[in-house]
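J.: Residue numbers (my numbering): 44 to 232.
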């Protein structure tokens with residue numbers, strides 16, 4: 044009788060534990076699976092061996108080279124595919140707008156753009172030589188102002204030199220600088 048009572052208790056205990064275990068299993072199985080939604084991207088670089096200094100107010104046609112194989116829709120683009128398009132002016136710099144991809148002897152239409160490639164002062168015009176030249180022009184201006192006022196003062200010349208450096212740096216044009224190995228990520232529209 045005791046054995047039957049223990050067996051009955053164990054069966055009852057199993058019945059009590061079983062739904063709890065089933066519930067835990069069910070909870071784990073019914074949790075939603077989160078899948079990250081990502082845009083189709085193309086990792087590219089400029090097909091140039093030299094650094095590009097692009098005027099931010101002009102359109103510049105350049106080809107890019109696909110760095111990684113990818114697919115666009117049902118088309119496969121192998122690494123090294125040529126991406127055709129142009130850099131177009133936008134607020135704050137340029138963006139690349141891709142119009143087609145060249146794979147071997149075939150050309151496919153694509154529609155992809157980069158984020159804004161920010162402009163900055165042209166580094167070719169802010170080196171030491173240019174700063175010295177701007178300072179010399181400013182110093183000459185200070186000297187001329189001193190002569191006009193009839194009192195040539197060292198501080199006027201020094202002030203003119205400083206003004207020349209500041210104005211020269213301010214007036215250097217803004218460009219978008221693209222290095223030969225710089226990655227340009229394109230997002231498919």
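Using N, Cα and C, we set each Cβ at its ideal position, and we do this for glycine too.
Going by DSSP, what residue range makes up the beta strand (DSSP E) through residue 215?
T.: Residue 215 sits at position 172 when you count from the first residue of the chain shown. No beta strand (DSSP E) holds residue 215; DSSP gives it neither H nor E.
J.: Hey, out of 159, 136, 157, whose CA is closest to residue 218's CA?
T.: Counting from one through the chain shown, the residue named residue 218 turns up at place 175. Among 159, 136, 157, the Cα nearest to that of residue 218 belongs to 136.
J.: In terms of alpha-carbon separation, which member of 126, 131, 107 lies closest to residue 97?
T.: Reading the chain shown from its first residue, position 54 is the one you call residue 97. Of 126, 131, 107, the residue nearest in Cα terms is 131.
J.: May I have the straight-line CA-CA distance separating residue 225 from residue 118, to the nearest angstrom?
T.: Residue mapping note: residue 225 aligns to position 182 of the chain shown, counting from 1. Residue mapping note: residue 118 aligns to position 75 of the chain shown, counting from 1. Approximately 26 Å, taken between the alpha carbons.
J.: How close, in whole Å, do the beta carbons of residue 110 and residue 138 come, if the pair is a contact with beta carbons under 8 Å?
T.: By one-based count along the chain shown, residue 110 stands at place 67. By one-based count along the chain shown, residue 138 stands at place 95. Incorrect: roughly 18 Å between the Cβ atoms, too far for contact.
J.: What three-state label does DSSP hand residue 159 in the structure shown?
T.: Here residue 159 corresponds to residue number 116 of the chain shown, with the count starting at 1. Coil at residue 159, not helix or strand.
J.: Please return the same chain residues whose Cβ sits closer than 7 Å to the Cβ of residue 115, not counting the five positions on each side in sequence.
T.: Translated into positions along the chain shown, residue 115 becomes position 72. These residues qualify, in order along the chain: 83, 153, 231.
J.: Name, in chain order, the residues that DSSP records as bridge partners for residue 136.
T.: For the purposes of this step, residue 136 is taken as residue 93 along the chain shown, with counting starting at 1. Its beta-bridge partners are 133, 161.
J.: For residue 141, is the classification buried or exposed, using 16 other Cβ atoms within 10 angstroms of its Cβ as the cut-off for buried?
T.: Working through the chain shown from its first residue, we reach residue 141 at position 98. With 16 or more other Cβ atoms within 10 Å, it is buried.
J.: Just to confirm, are residue 95 and residue 155 a CB contact at a threshold of 8 Å?
T.: In the chain shown, counting from the first residue as 1, residue 95 sits at position 52. In the chain shown, counting from the first residue as 1, residue 155 sits at position 112. No, they are not a contact pair.
J.: How is residue 149 classed by DSSP in three states: helix, strand or coil?
T.: As a working note, residue 149 is residue 106 in the chain shown. In this structure, residue 149 counts as strand in the three-state DSSP scheme.
J.: Alpha carbon to alpha carbon, how far is residue 113 from residue 222? Give it in angstroms, no decimals.
T.: Sequence index remark: in the chain shown, residue 222 carries index 179 (1-based). Sequence index remark: in the chain shown, residue 113 carries index 70 (1-based). Using only the alpha carbons, I get a separation of about 23 Å.
J.: Measuring only the C-alpha atoms, how far is residue 93 from residue 220?
T.: Here residue 93 corresponds to residue number 50 of the chain shown, with the count starting at 1. Here residue 220 corresponds to residue number 177 of the chain shown, with the count starting at 1. Rounded to the nearest angstrom, the two C-alpha atoms are 11 Å apart.
J.: Indicate whether residue 90 and residue 102 have their beta-carbon atoms separated by less than 8 Å.
T.: By one-based count along the chain shown, residue 90 stands at place 47. By one-based count along the chain shown, residue 102 stands at place 59. Taking 8 Å as the Cβ cut-off, residue 90 and residue 102 do not qualify as a contacting pair.
J.: Could you give the distance in angstroms between the alpha-carbon of residue 228 and the alpha-carbon of residue 149?
T.: If you number the chain shown from 1, residue 228 lands on position 185. If you number the chain shown from 1, residue 149 lands on position 106. Cα-Cα distance, rounded: 23 Å.
J.: May I ask you to list the residues that DSSP assigns as paired with residue 113?
T.: Start at 1 with the first residue of the chain shown, and residue 113 comes out as number 70. Answer is 120, bridged to residue 113.
J.: Need the endpoints of the beta strand (DSSP E) that residue 89 sits in, please.
T.: Position 46 of the chain shown, counted from the first residue, corresponds to residue 89. 84-89 is the span of the beta strand (DSSP E), which, as asked, contains residue 89.
J.: Residue 165: which of 87, 216, 106 sits nearest, CA to CA?
T.: On the chain shown, position 122 is the one that residue 165 refers to. Of the candidates 87, 216, 106, the one whose C-alpha sits nearest the C-alpha of residue 165 is 216.
J.: Less than 6 Å between C-beta atoms, sequence neighbours within five positions excluded: which residues of the same chain meet that for residue 144?
T.: Your numbering for residue 144 matches position 101 in the chain shown. Excluding sequence neighbours, residue 144 sits near 120, 124, 126, 151, 153.
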